[in-house]
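For what it's worth, the numbering used here labels the leading residue of the sequence shown as 16, then goes sequentially.
The structure appears below as C-alpha cells.
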Amino acid sequence: MTTAPDYRRLSFWHETAGEPLAPRAALAGDLDVDVAVVGAGFTGLWTAYYLRRLDPSIRIAVLEREVAGFGASGRNGGWCSALFPAEPATVARRYGRPAAIAMHRAMVDTVDEVGRVAAIEGIDCHYAKGGTVMLARTPVQLARATADVAEARELGADPEDLRLLSAEEARSRVAATKVLGGTFTPHCASIHPSRLVRGLARTVVGLGVALYEQTPVTAVRAGLAQTAAGRVRAEFVIRATEGYTPGLPGYRRAVAPVYSLMIATEPLPDEFWSAAALASRETFSDYRHLIIYGQRTADNRLAFGGRGAPYHFGSAVKSEFDRDPAVFAELRRVLQELFPAVADAAVTHRWGGPLGIPRDWFASVGLDRATGLGWAGGYVGDGVGTTNLAGRTLADLVLGRDSELVRLPWVGHRSRRWEPEPLRWLGINAGLRMMTAADREEERTGRPSRRAALVNRLLGH
Ligand SMILES: Cc1cc2nc3c(=O)[nH]c(=O)nc-3n(C[C@H](O)[C@H](O)[C@H](O)COP(=O)(O)OP(=O)(O)OC[C@H]3O[C@@H](n4cnc5c(N)ncnc54)[C@H](O)[C@@H]3O)c2cc1C
Numbered sequence: 016m017t018t019a020p021d022y023r024r025l026s027f028w029h030e031t032a033g034e035p036l037a038p039r040a041a042l043a044g045d046l047d048v049d050v051a052v053v054g055a056g057f058t059g060l061w062t063a064y065y066l067r068r069l070d071p072s073i074r075i076a077v078l079e080r081e082v083a084g085f086g087a088s089g090r091n092g093g094w095c096s097a098l099f100p101a102e103p104a105t106v107a108r109r110y111g112r113p114a115a116i117a118m119h120r121a122m123v124d125t126v127d128e129v130g131r132v133a134a135i136e137g138i139d140c141h142y143a144k145g146g147t148v149m150l151a152r153t154p155v156q157l158a159r160a161t162a163d164v165a166e167a168r169e170l171g172a173d174p175e176d177l178r179l180l181s182a183e184e185a186r187s188r189v190a191a192t193k194v195l196g197g198t199f200t201p202h203c204a205s206i207h208p209s210r211l212v213r214g215l216a217r218t219v220v221g222l223g224v225a226l227y228e229q230t231p232v233t234a235v236r237a238g239l240a241q242t243a244a245g246r247v248r249a250e251f252v253i254r255a256t257e258g259y260t261p262g263l264p265g266y267r268r269a270v271a272p273v274y275s276l277m278i279a280t281e282p283l284p285d286e287f288w289s290a291a292a293l294a295s296r297e298t299f300s301d302y303r304h305l306i307i308y309g310q311r312t313a314d315n316r317l318a319f320g321g322r323g324a325p326y327h328f329g330s331a332v333k334s335e336f337d338r339d340p341a342v343f344a345e346l347r348r349v350l351q352e353l354f355p356a357v358a359d360a361a362v363t364h365r366w367g368g369p370l371g372i373p374r375d376w377f378a379s380v381g382l383d384r385a386t387g388l389g390w391a392g393g394y395v396g397d398g399v400g401t402t403n404l405a406g407r408t409l410a411d412l413v414l415g416r417d418s419e420l421v422r423l424p425w426v427g428h429r430s431r432r433w434e435p436e437p438l439r440w441l442g443i444n445a446g447l448r449m450m451t452a453a454d455r456e457e458e459r460t461g462r463p464s465r466r467a468a469l470v471n472r473l474l475g476h
C-alpha cells in the first residue's frame, strides 16, 4: 500500500490548517452523477457548494488528484479581494463601461459573500476585512497611485472604493520605509486560505457531495471525466484545474502556469506590531511592477510573497518548482527593506505554487450547453475572491438560472491560446525579467520605465 504524502508540508497554511490533511477515499469504479467537477480548489468546491445549496437533490462528484486545497487555493497570499483578473479599463474597452462597473460591483459583493458563508458554515478562516493598502515608495509609484484613483473614478468607482492616502495616512496603516503615500480600498479581507478551502471541503461533503481525493482525471470530454479507476458519466463536467490545466489532453496552451512564491516569519512581538501598524490586518503591497503582496496573519506573522520565479518550459508543473532559493532570498530582502525590524526574525516557512495566466490575462467562466463542458479560471493572482463568483455563476449556468451573474462580461469570454514552445517560454520569461529591470530602472532614474509598457504589449494585457 502506498502512503499519501504529508500534505502539511506544502505551505505554512497547510501546516496550520488545524487538521491532518489525510486524503479521503479515492474513486473505486464507474460512477453516474449529474455534475462532475475536476479539481477541489476554491473553484471546484464553491461550484459544488452553491449547486447543492440551490438544488439539494443534484448529484455531484468532485474529483481531486491530491487532496482538497492542494493547489493554489491552499497556498496563496490570503488576499480575498475585489480585484478582478483583468484591468477595469480592459473590461470596459472590450465589453463597455456598464459591464466593467457591473463586474466591479459583483467583485465587491463577493468579498462579503466569502465572509458570510464562512460565518454561517462555521469555517474559521481568520477572515478580517481590513482592506488593502498599496504603498507608493517612490515619486514614480506615487504618480501611478494617483493615476489609479483617477482611472477608478472614471470607471464609476465611488470615492470610498479607492482613495489616495497621504504619506502620514499610509504610514499610520502600514509603517514601512520610504512611504510617500498610497491608496486604500476597504474591499479586501485577510484570510487563512487553507482553513477556508479545507472548511469548504468539509461543508460540501456534509451537504452530500461525493469528494474523491487521490483521483487524477486523465481526460475530460462531453459527458465524461475519465480516471484510471473508472469513468464518471455526467451531464455536466466542470474543469476547475487552473494552473494544472495544461496537463489535461487538449488544454496544453489554455493557460500558462506561472509560479508565485511566499515566505512567512515566526510570530513577531508586540513591539514590532506597535511600530509596523497593520492594526486591522490590512493586506499590503506597493506600486512596483513585479507583484509583491503581504498580510499580517492571525498569529502575528508576516506572510509575504511575490512573483519572479521563472516560467518552466512546456508549461511544466512540478513540486520542485514550489521552492526557489533565489526568489526566497529576494523576498526576504524586500520584506526587510520594507520593515527593517524583521532583520532579527526567523523565516520559518517557504513555499510556492502555480497560478494560471490566460493569454489575454482575462479570467473567464462558462458552460457550453451543447457539450455540458464548463470551466472557470485564468485568475492570474486574483483568484481567492473571484473563484467564489465563479462558483455562484457556474451553479446558475448549470441550473439554467437567468441571474445577473450569468450576464457579467467574463461569462463565456474566450481567451486565445498561448503560443507554442519555445515562443511561450521565451516571451513569458523575457516579460518577467523586464518587470524586474523596469523596477530597478525606476528606482535608479526616478522616471517611469518604458520597459513596463513594452511587457504589457508583449504579453498582451
Ligand atoms: C503563491 C500564490 C499566492 C497567491 N496569492 C493570491 C492572493 O493573495 N489573492 C488572490 O486572490 N489570489 C492569489 N493567488 C491565486 C489563487 O490562489 C488562485 O487563483 C485560486 O486559488 C485558484 O483556485 P482554483 O480552485 O481554480 O485552482 P487550484 O486551487 O489550483 O485547484 C486546482 C485543483 O485541481 C486539482 N487537479 C489538477 N489537475 C487535476 C486532474 N487532472 N485531476 C484531478 N484533479 C486535478 C489540483 O490538484 C488542485 O487541487 C495566489 C496563488 C499562488 C500560487
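The beta carbon of each residue, even a glycine, is placed where N, CA and C say it ideally should be.
By how many angstroms is the C-alpha of residue j removed from the C-alpha of residue i?
i: residue 463; j: residue 183; result: 24 Å
i: residue 16; j: residue 312; result: Unreliable placement is indicated for residue 16, whose pLDDT of 49 sits below 50; no coordinate value is reported for it.
i: residue 243; j: residue 431; result: 31 Å
i: residue 21; j: residue 35; result: 8 Å
i: residue 40; j: residue 83; result: 12 Å
i: residue 45; j: residue 249; result: 11 Å
i: residue 476; j: residue 43; result: Summary for residue 476: the model assigns pLDDT 47, below 50, so the residue's position carries little reliability; its value from the coordinates is reported in the next sentence. If you take the alpha carbons of residue 476 and residue 43, they lie about 44 Å apart.
i: residue 27; j: residue 18; result: 22 Å
i: residue 441; j: residue 396; result: 21 Å
i: residue 449; j: residue 346; result: 18 Å
i: residue 455; j: residue 342; result: 16 Å
i: residue 116; j: residue 173; result: 11 Å
i: residue 482; j: residue 185; result: In the structure as shown, the chain begins at 16 and stops at 476. Residue 482 is therefore absent and cannot be evaluated.
i: residue 125; j: residue 220; result: 23 Å
i: residue 376; j: residue 428; result: 11 Å
i: residue 353; j: residue 314; result: 20 Å
i: residue 38; j: residue 453; result: 44 Å
i: residue 344; j: residue 165; result: 36 Å
i: residue 146; j: residue 245; result: 46 Å
i: residue 426; j: residue 388; result: 14 Å
i: residue 317; j: residue 281; result: 8 Å
i: residue 30; j: residue 195; result: 37 Å
Looking at residue i: is its Cβ nearer than 8 Å to the Cβ of residue j?
i: residue 370; j: residue 273; result: yes
i: residue 170; j: residue 199; result: no
i: residue 176; j: residue 190; result: no
i: residue 229; j: residue 94; result: no
i: residue 400; j: residue 96; result: yes
i: residue 188; j: residue 123; result: no
i: residue 100; j: residue 405; result: no
i: residue 302; j: residue 159; result: yes
i: residue 223; j: residue 67; result: yes
i: residue 457; j: residue 192; result: no
i: residue 212; j: residue 88; result: yes
i: residue 447; j: residue 259; result: no
i: residue 240; j: residue 385; result: no
Starting from residue i, trace the alpha helix (DSSP H) in both directions and tell me its first and last residue.
i: residue 154; result: 154-169
i: residue 546; result: Outside the displayed range of the chain (16 to 476) lies residue 546, so it cannot be described from this structure.
i: residue 64; result: 57-69
i: residue 30; result: 27-30
i: residue 287; result: 285-291
i: residue 371; result: Taken as a continuous stretch (DSSP letters only), residue 371 belongs to no alpha helix (DSSP H), being part of the beta strand (DSSP E) at 362-372.
i: residue 105; result: 103-110
i: residue 379; result: Unbroken run through residue 379 is the beta strand (DSSP E), 379-383; no alpha helix (DSSP H).
How far does the beta strand (DSSP E) with residue i in it reach, from first residue to last?
i: residue 47; result: 46-53
i: residue 319; result: 317-321
i: residue 77; result: 75-78
Kindly confirm or deny that the stretch 54-67 and the stretch 350-363 touch, where touching means at least three C-beta pairs closer than 8 Å. Segments in contact, no.
Across the stretch 263-278 and the stretch 309-324, are there enough close Cβ pairs to call them in contact, namely three or more that are closer than 8 Å? yes
Under 8 Å: do the stretch 223-237 and the stretch 79-96 share three or more Cβ pairs, one atom per stretch? yes
Report yes or no: do the stretch 124-143 and the stretch 408-427 share at least 3 C-beta pairs separated by less than 8 Å? no
How do the stretch 118-135 and the stretch 281-294 stand: do at least 3 beta-carbon pairs fall below 8 Å, yes or no? no
Kindly confirm or deny that the stretch 329-343 and the stretch 61-73 touch, where touching means at least three C-beta pairs closer than 8 Å. no
Contiguous alpha helix (DSSP H) assignments of at least 4 residues, all confined to the stretch 391-433: Listed in chain order, the complete alpha helix (DSSP H) runs (minimum 4 residues) inside the stretch 391-433 are 398-414.
To test your reading of the DSSP string, which unbroken alpha helix (DSSP H) runs of 4 or more residues are found completely within the stretch 224-299? 285-291
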